[in-house]
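Mapped onto mature numbering (1 follows the signal peptide of the UniProt record, and there is no 0), the consecutive letters of the sequence shown carry residue numbers -33 to -1, 1 to 129.
Beta carbons: idealized from backbone N, C-alpha and C, even for Gly.
Please read all numbers here as calculations on a predicted model, not as lab measurements.
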Amino acid sequence: MIVKGLTKSMPVRTAAVVAGAMVVALAGGRAMASDTILTAALGDEVLQLIEDQPKVTRIVVNEKTVFEDRESHTVAFYNAYQVQGRWMVLFQHEGDAKDCPARYRVLDLSGPAPRMSLPFGTCSKEPEVATADGVLTVSMPNPAGGPAASWTYRDGRISRTR
């Protein structure tokens, strides 16, 4: 077997090592690997937060990707809440914008398939969370002043309540 740049006397194993080194060199000198940032068991579900590369984060439930973020600087687990026997997980997304350091999403683990809410928030890193009557309410300071802004997650939807 002849591989360009190698002699016939080199074993195939060496050719494979050289080819592998060339792939790593072409990839910027780094091996591409995923980092599992978080693994949590919530009831019967196993939740993972996986960073595949900078600014590419996946949320995986029971080994199936349910959400992929390619815009946020970081995605962080904020907390998990049990609401009438259902698990809901609040995630904080931090972007590069200095005027809006944080937005949030709710992952609902009830039902036949996990559901991720649309992003919401006032850009505050100081949310207050309450659960009552089957809903999850997230409140935070209003950057324009005045009363706090609130969002309610109910039946698969997030809506602003004040």
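Excluding the 5 residues flanking it on each side, H60 has same chain C-beta neighbours closer than 6 Å at S39, V42, R70, in chain order. When only Cα atoms are considered, E93 and P108 end up about 8 Å apart. Apart from sequence neighbours up to five positions away, the residues of its chain that approach R53 with a beta-carbon distance below 6 Å are S77, ordered along the chain. Secondary structure at N46: strand, using DSSP grouped into helix, strand and coil. Where A8 is concerned, the enclosing beta strand (DSSP E) starts and stops at 2 to 9.
Burial check for R72: the Cβ neighbour count within 10 Å reaches 16 or more, so the residue is buried. Of the residues assessed, P21 falls on the exposed side of the cut-off, its CB having fewer than 16 other CB atoms within 10 angstroms.
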